[in-house]
Amino acid sequence: MAWRRPVFRRARYFSEATVGEFYCMSLHDFLLDAAKEDPGRTFIEYDGTQYPFFMVAEQAKMVAAGLRQHGVGEGESVGVMLPNVPPFVTSYYGTLMNGSIFVPMNVMLQPEEVQYLIEDSQIKAIVVLDMFLASVHAAVSKLENPPLVFVLPSGKIEPPAEMAEHKNYMELMAEAGESFAPAEMDPALPIMTLYTSGTTGKPKGAQITGSNILANLDMMESIIDVEPEDKALCVLPLFHCFALNGVLNGSVRNRTAVVLQPRFDVDACVASLKNDGITSFAGVPTMFFYLLKHPEFGKEVAKTLRYCISGGAAMPMEVMSQFEKATDVPIYEGFGMTETTVSVCINRPDNRKPGSIGTPFEGVEMKIFDDDDNEVPNGEVGELVVKAPNVMCGYLNKEEDTAEAMRSGWFHTGDMGYRDEDGFFFIVDRKKDMIIKGGFNIYPREIEEVLYRLPQVAECAVVGVFDEVKGEQVQAVIATKPDTKLTAEEAEAHLREHLAKYKLPHDYTFIEELPKGPTGKILKREIRDMWVQWNRDRVPAKT
Numbered sequence: 001m002a003w004r005r006p007v008f009r010r011a012r013y014f015s016e017a018t019v020g021e022f023y024c025m026s027l028h029d030f031l032l033d034a035a036k037e038d039p040g041r042t043f044i045e046y047d048g049t050q051y052p053f054f055m056v057a058e059q060a061k062m063v064a065a066g067l068r069q070h071g072v073g074e075g076e077s078v079g080v081m082l083p084n085v086p087p088f089v090t091s092y093y094g095t096l097m098n099g100s101i102f103v104p105m106n107v108m109l110q111p112e113e114v115q116y117l118i119e120d121s122q123i124k125a126i127v128v129l130d131m132f133l134a135s136v137h138a139a140v141s142k143l144e145n146p147p148l149v150f151v152l153p154s155g156k157i158e159p160p161a162e163m164a165e166h167k168n169y170m171e172l173m174a175e176a177g178e179s180f181a182p183a184e185m186d187p188a189l190p191i192m193t194l195y196t197s198g199t200t201g202k203p204k205g206a207q208i209t210g211s212n213i214l215a216n217l218d219m220m221e222s223i224i225d226v227e228p229e230d231k232a233l234c235v236l237p238l239f240h241c242f243a244l245n246g247v248l249n250g251s252v253r254n255r256t257a258v259v260l261q262p263r264f265d266v267d268a269c270v271a272s273l274k275n276d277g278i279t280s281f282a283g284v285p286t287m288f289f290y291l292l293k294h295p296e297f298g299k300e301v302a303k304t305l306r307y308c309i310s311g312g313a314a315m316p317m318e319v320m321s322q323f324e325k326a327t328d329v330p331i332y333e334g335f336g337m338t339e340t341t342v343s344v345c346i347n348r349p350d351n352r353k354p355g356s357i358g359t360p361f362e363g364v365e366m367k368i369f370d371d372d373d374n375e376v377p378n379g380e381v382g383e384l385v386v387k388a389p390n391v392m393c394g395y396l397n398k399e400e401d402t403a404e405a406m407r408s409g410w411f412h413t414g415d416m417g418y419r420d421e422d423g424f425f426f427i428v429d430r431k432k433d434m435i436i437k438g439g440f441n442i443y444p445r446e447i448e449e450v451l452y453r454l455p456q457v458a459e460c461a462v463v464g465v466f467d468e469v470k471g472e473q474v475q476a477v478i479a480t481k482p483d484t485k486l487t488a489e490e491a492e493a494h495l496r497e498h499l500a501k502y503k504l505p506h507d508y509t510f511i512e513e514l515p516k517g518p519t520g521k522i523l524k525r526e527i528r529d530m531w532v533q534w535n536r537d538r539v540p541a542k543t
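If you want it as structure tokens, here you go:
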């Protein structure tokens, strides 16, 4: 059957209407329709195997049927702790078909972090790869009413002893039968909870609706045309909104293919770009940096690429310029947050200003507010605020945080910036202390709270410092209590027990007292400046 681009939207853009009013199609309906109308068309490619839309849809139905059989109902949460493998895709769409709320979980989370997500989302079932079972098992073992755990064997390790206490993933796959009916989802209600770390030290669950996702897809497709043989290379983790909403959901709606790789490996990435007919690549700036350094990378490798998308952190102009020159492939640089589903504005190759985050998509309003939520003139620095159909409906279980973030009817991003006379927006600082390391958002407060559990720590501060490859690195500065000693190795060993690896500091510095202002507040800007001075003549302790 000839490819056609499905059109299900009743209206393309809106900014003041109720979220969901114009979008009546559930995301899983796109998969089911593709399976019916283009059953043999390839949707997923993984490790040399092709998975057509029909196969993915049937397996997703089986997951949905299995969830129902195990008592997981509509509106209840399902956690998935998998890398980029086909069962992630089927578990995701199966969860939606069941009418449940999807909670993607970073595979690097430690037991304490997993336990928090389970309790906050009231997760009823978790799908986890055997390689990451230890963290899940340790978390659920502490709960009075633990969720069901379905373990996916990787075939790469000996089955963990903990597997005996849980169910095999195949037990989740039940025959759907001809009478199976997918749940009908209200597009204005949440279908996923995406966790973003909070300044209070605990992650916040941004609740994303189906209409949020469809609105964001429309925005991207308003500037990038979809072609029948498009094929995306997905090395970004699907548990992150960039890959899940920006790559996978767009492909299922447009019936185009996605090549999955479990993680970013520059050699495997180059090989796929060279041999798999890849037409689009989405990545964080660090990935583009490593591709440029690869000895084989160039126009021949990127011969089928039509465009790339960068996000997650600011793209250095030098990296962007070198990449586009080496490949003749344009990079669209998006800016957004977990709370905005994916992106709200974009720097286009044909309408770009160096150093800016670009201009808003059609249907998105962006302004700069002062501390009293009044708009400031062009060129004046204030907080970036957004009003758009792809902004979340709120934070799970956090009404006060939601009200604070959405005050005056605008989502307050926490980013400080300005708008120029041409309508381009620029970020100059963050109102909050968030660190962006290789595309991952890291909040210092979470790390600081764990450090303060050490009896030797009198005070500490965690800041982000510039790094050529990662964008930023995590730096910990610690003052110990009198007559106590603490080493960097001891501090790191303690952090490893409680935090994911990507959150660990790159370096530790010990001083007698942290700089403070008149009110006793630790001055993190001074600490950043001090760190630069400290490191001018020495090599960081870790690489």
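Per the UniProt record's numbering, the sequence shown starts with residue 1, numbered consecutively. C-beta atoms are modelled at their ideal positions from N, C-alpha and C, and glycine is treated no differently.
Name the DSSP bridge partner or partners of T42? One-based indexing of the sequence shown puts residue 42 at position 42. Residue pairing by DSSP puts T42 in a beta bridge opposite P52.
Out of L217, V226, A35, which has the shortest C-alpha to C-alpha gap to A243? Taking the sequence shown and counting its residues from 1, the one referred to as residue 243 is at position 243. Ranked by how close their Cα comes to the Cα of A243, the residues L217, V226, A35 have L217 in first place.
Residue nearest to R306 in terms of C-alpha spacing, selected from L236, P360, P228, F289: For the purposes of this step, residue 306 is identified with residue 306 of the sequence shown, where counting begins at 1. For R306, the closest C-alpha among the options L236, P360, P228, F289 is that of P228.
Return the chain-ordered list of same chain residues with a C-beta closer than 8 Å to the C-beta of T519, the five sequence neighbours on each side being excluded. As a first step, residue 519 must be located in the sequence shown, where it is residue number 519. Model confidence at T519 stands at a pLDDT of 46, short of 50, so the residue's coordinates are unreliable; what they give is reported in the following sentence. For T519, where only same-chain residues beyond five positions count, there are no Cβ hits under 8 Å.
If you check the beta carbons only, do F281 and V469 fall under 8 Å apart? For the purposes of this step, residue 281 is taken as residue 281 along the sequence shown, with counting starting at 1. For the purposes of this step, residue 469 is taken as residue 469 along the sequence shown, with counting starting at 1. Contact: no.
Quick one: give me the first and last residue of the alpha helix (DSSP H) that E356 is part of. Translated into positions along the sequence shown, residue 356 becomes position 356. Correcting the residue identity first, residue 356 is Ser in this sequence and not Glu. Counting along the chain, S356 sits inside no alpha helix (DSSP H), nor does DSSP assign it H or E at all.
Distance check for V344 and F22, CA to CA, integer angstroms please. Sequence index remark: in the sequence shown, residue 22 carries index 22 (1-based). Sequence index remark: in the sequence shown, residue 344 carries index 344 (1-based). Summary for F22: the model assigns pLDDT 43, below 50, so the residue's position carries little reliability, and this model does not support an answer.
Grouping DSSP H, G and I as helix and E and B as strand, with all else coil, what is C393? For this step, residue 393 is matched to residue 393 along the sequence shown. Correct three-state label for C393: coil.
For D507: DSSP bridge partner residues: Here residue 507 refers to the residue found at position 507 when the sequence shown is read from its first residue. Within the DSSP bridge table, the entry for D507 names Q475 as partners.
Can you give the Cα-Cα distance for P455 and T509, rounded to whole angstroms? Counting from 1 along the sequence shown, the entry for residue 455 is found at position 455. Counting from 1 along the sequence shown, the entry for residue 509 is found at position 509. In a straight line, the C-alpha of P455 is about 17 Å away from that of T509.
Would you mind reading off the limits of the alpha helix (DSSP H) that contains M287? Counting from 1 along the sequence shown, the entry for residue 287 is found at position 287. Per DSSP, M287 belongs to the alpha helix (DSSP H) from 285-293.
Between the region 79-94 and the region 47-64, do at least 3 Cβ pairs fall closer than 8 Å? Contact holds: three or more Cβ-Cβ distances are below 8 Å.
Give me whichever residues DSSP pairs with H412 in a beta bridge. Mapped onto the sequence shown, residue 412 falls at position 412. Residue pairing by DSSP puts H412 in a beta bridge opposite V385.
A458 - DSSP class collapsed to helix/strand/coil: As a working mapping, residue 458 is identified with position 458 in the sequence shown. DSSP places A458 in strand when its eight states are reduced to three.
The beta strand (DSSP E) with M332 in it runs from where to where? In the sequence shown, counting from the first residue as 1, residue 332 sits at position 332. Looking at the sequence shown, residue 332 is not Met but Tyr. The continuous beta strand (DSSP E) containing Y332 extends over residues 331-335.
Which of the three DSSP states is assigned to P86 in this structure? By one-based count along the sequence shown, residue 86 stands at place 86. Helix at P86.
Within its chain, find whatever has a CB closer than 6 Å to the CB of K387; leave out the 5 residues flanking it on each side and keep chain order. To locate residue 387, count along the sequence shown from 1; it is residue 387. The residues E365, W410, in chain order, have a CB closer than 6 Å to that of K387 in the same chain once the five nearest residues on each side in sequence are set aside.
Report the residue from F440, P389, N275 whose alpha carbon sits nearest the alpha carbon of G363. In the sequence shown, the residue the question calls residue 363 occupies position 363. Selection F440, P389, N275 evaluated against G363 yields P389 as nearest (Cα-Cα).
Within this structure, are the beta carbons of G283 and V235 separated by less than 8 Å? Locating residue 283 in the sequence shown gives position 283, counting from the first residue. Locating residue 235 in the sequence shown gives position 235, counting from the first residue. Going by C-beta atoms, G283 is nearer than 8 Å to V235.
Is DSSP giving I442 helix, strand or coil here? Translated into positions along the sequence shown, residue 442 becomes position 442. Three-state DSSP puts I442 in a strand.
Please classify L194: is it buried, with 16 or more other beta-carbons within 10 angstroms of its beta-carbon, or exposed? Along the sequence shown, one-based indexing puts residue 194 at 194. Buried, because 16 or more other Cβ atoms sit within 10 Å of the Cβ of L194.
Three-state class that DSSP yields for D467 in the structure shown: The sequence position of residue 467 within the sequence shown is 467, counting from 1. For D467, the secondary structure class from DSSP, reduced to helix, strand or coil, is strand.
CA nearest to the CA of K503, picked from G464, D265, V103, M220: Counted from its first residue, the sequence shown places residue 503 at position 503. Ranking G464, D265, V103, M220 by Cα distance to K503 puts G464 first.
Hey, could you find the ends of the alpha helix (DSSP H) P111 is sitting in? As a position in the sequence shown, residue 111 is number 111, starting the count at 1. Run containing P111: 111-121, per the alpha helix (DSSP H) assignment.
Quick check on DSSP: helix, strand or coil for E365? Locating residue 365 in the sequence shown gives position 365, counting from the first residue. DSSP, read as helix, strand or coil, puts E365 in strand.
The region 178-193 in contact with the region 151-164 per 3-pair CB rule at 8 Å: A contact between stretches requires three or more CB pairs, one per stretch, nearer than 8 Å, and the region 178-193 fails this requirement with the region 151-164.
If you draw a straight line from the C-alpha of M530 to the C-alpha of L248, how long is it? Position 530 of the sequence shown holds residue 530. Position 248 of the sequence shown holds residue 248. Note on geometry: alpha-carbon atoms of M530 and L248 lie some 43 Å from one another.
Pick out the complete alpha helix (DSSP H) segments inside the region 168-245, 4 residues or longer, and give them in chain order. Counting only runs of 4 or more, we get 210-221.
What does DSSP give as the partner residues of F281 in its beta bridges? Here the question's residue 281 lines up with position 281 in the sequence shown. Answer is L233, C308.
Just the Cα atoms here: how many angstroms apart are E165 and L133? Reading the sequence shown from its first residue, position 165 is the one you call residue 165. Reading the sequence shown from its first residue, position 133 is the one you call residue 133. If you draw a straight line from the Cα of E165 to the Cα of L133, it comes to about 11 Å.
Tell me K437's beta-bridge partners as DSSP assigns them. Translated into the one-based positions of the sequence shown, residue 437 becomes position 437. F440, per the DSSP bridge assignment.
Can you tell me whether I157 is helix, strand or coil according to DSSP? Residue mapping note: residue 157 aligns to position 157 of the sequence shown, counting from 1. In this structure, I157 counts as coil in the three-state DSSP scheme.
Leaving out five residues before and five after G438 in sequence, what residues of the same chain have Cβ atoms less than 7 Å from its Cβ? Against the sequence shown, residue 438 aligns to sequence position 438. Correct list, in chain order: V284, T286, K470, G471.
Can you tell me whether V342 is helix, strand or coil according to DSSP? As a working note, residue 342 is residue 342 in the sequence shown. DSSP places V342 in the coil class of the three-state scheme, outside both helix and strand.
What are the start and end residues of the alpha helix (DSSP H) that includes E320? Counted from its first residue, the sequence shown places residue 320 at position 320. Here the sequence assigns Met to residue 320, which means Glu is not the residue at that position. Segment 317-327, the alpha helix (DSSP H) holding M320.
Check the Cβ-Cβ distances between C460 and every residue of chain D, and say whether any is below 8 Å. You won't find chain D in this structure, because it holds only one protein chain.
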